[in-house]
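Accompanying notes for the structure given below.
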Ligand code: ZN
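Numbering (the working numbering), first residue to last: 22 to 267.
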């Protein structure tokens, strides 16, 4: 199987289109979407429309921003900037799209026998999985390959011979060889709002039977995405951060 892995699209149409263009000539058995279609960016309707009309099999999990826009919980726990974007987003979206977001499953979701998809971690969809102790707990879930998002940072935790090692991809395209019986927690990075210092849109490709995961980065029209955010009257920081990937 060959999976396209997308996470944290965050209503960034320009970034999503660049990713789709980059993979246009490739074939995938399915797409795995790790949550947060909306929030922060100024194209929630267009991005949700793309995902609702997705051509081919897709496995979804919801993100924390999706939950708020779906009306499943209030935006009270978010910082003022995220909250402003969530309230604006909720006003933009037609009811059919809100219902689509509402129906997205909470993670974790199994994809085949050894791949587990979640937004934050297998045990907590809102956890920012950043440090070894959190990774240790996530490995306890027992999946060989956990795919997660939420931190907007591409990277991996590998557990091999009882030891956990963290790594981040360091070039445009980086291949990770998965060596059984090691287990992995892999973050493909964010499509629409990278926070790992590389402003380019991030996505991943997983081939579990061939023991391969590949991180990819692709440039997109950052200025156009920023312009939409400013025109929508959203907080300026949401536009500014896109060009530095933070
Ligand atoms: Zn997110």
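We put the beta carbon where it would ideally sit given N, CA and C, even for glycine.
Here the structure is a predicted model, which is why all the values come from computation and not from measurement.
Burial state of residue i, where buried means 16 or more other Cβ atoms lie within 10 Å
{"i": "residue 179", "result": "buried"}
{"i": "residue 172", "result": "buried"}
{"i": "residue 22", "result": "exposed"}
{"i": "residue 72", "result": "buried"}
{"i": "residue 32", "result": "buried"}
{"i": "residue 131", "result": "exposed"}
{"i": "residue 236", "result": "buried"}
{"i": "residue 186", "result": "exposed"}
{"i": "residue 252", "result": "exposed"}
{"i": "residue 100", "result": "exposed"}
{"i": "residue 146", "result": "buried"}
{"i": "residue 260", "result": "buried"}
{"i": "residue 211", "result": "buried"}
{"i": "residue 213", "result": "buried"}
{"i": "residue 258", "result": "exposed"}
Proximity of residue i and residue j at Cβ, strictly below 7 Å
{"i": "residue 205", "j": "residue 166", "result": "yes"}
{"i": "residue 67", "j": "residue 34", "result": "yes"}
Cβ-Cβ separation, residue j to residue i (assumed contact under 8 Å), whole Å
{"i": "residue 234", "j": "residue 207", "result": "6 Å"}
{"i": "residue 229", "j": "residue 90", "result": "The Cβ separation is near 32 Å, so there is no contact."}
{"i": "residue 57", "j": "residue 87", "result": "6 Å"}
{"i": "residue 52", "j": "residue 77", "result": "7 Å"}
{"i": "residue 246", "j": "residue 36", "result": "7 Å"}
{"i": "residue 127", "j": "residue 195", "result": "Between residue 195 and residue 127 the Cβ distance is about 30 Å, and since that is not below 8 Å, they are no contact."}
Limits of the beta strand (DSSP E) - the one that residue i falls within
{"i": "residue 235", "result": "233–239"}
{"i": "residue 198", "result": "194–198"}
{"i": "residue 178", "result": "176–181"}
{"i": "residue 243", "result": "Premise fails: residue 243 lies in the alpha helix (DSSP H), 243–252, not in any beta strand (DSSP E)."}
{"i": "residue 172", "result": "Element bounds for residue 172: n/a, residue is neither H nor E."}
{"i": "residue 80", "result": "79–81"}
{"i": "residue 138", "result": "136–138"}
Pairwise C-alpha distance: residue j and residue i
{"i": "residue 55", "j": "residue 28", "result": "5 Å"}
{"i": "residue 227", "j": "residue 102", "result": "34 Å"}
{"i": "residue 203", "j": "residue 116", "result": "44 Å"}
{"i": "residue 41", "j": "residue 170", "result": "19 Å"}
{"i": "residue 184", "j": "residue 63", "result": "42 Å"}
{"i": "residue 138", "j": "residue 175", "result": "15 Å"}
{"i": "residue 79", "j": "residue 262", "result": "29 Å"}
{"i": "residue 46", "j": "residue 216", "result": "28 Å"}
{"i": "residue 177", "j": "residue 221", "result": "18 Å"}
{"i": "residue 218", "j": "residue 152", "result": "18 Å"}
{"i": "residue 256", "j": "residue 106", "result": "8 Å"}
{"i": "residue 96", "j": "residue 164", "result": "32 Å"}
{"i": "residue 142", "j": "residue 157", "result": "11 Å"}
{"i": "residue 50", "j": "residue 198", "result": "20 Å"}
{"i": "residue 39", "j": "residue 94", "result": "32 Å"}
{"i": "residue 192", "j": "residue 232", "result": "20 Å"}
Check: residue i C-beta below 6 Å from any heavy atom of ligand 3
{"i": "residue 57", "result": "In the structure on display, ligand 3 does not appear, and the ligands it does have are ligand 1."}
Host alpha helix (DSSP H) of residue i (start-end)
{"i": "residue 88", "result": "85–90"}
{"i": "residue 119", "result": "116–123"}
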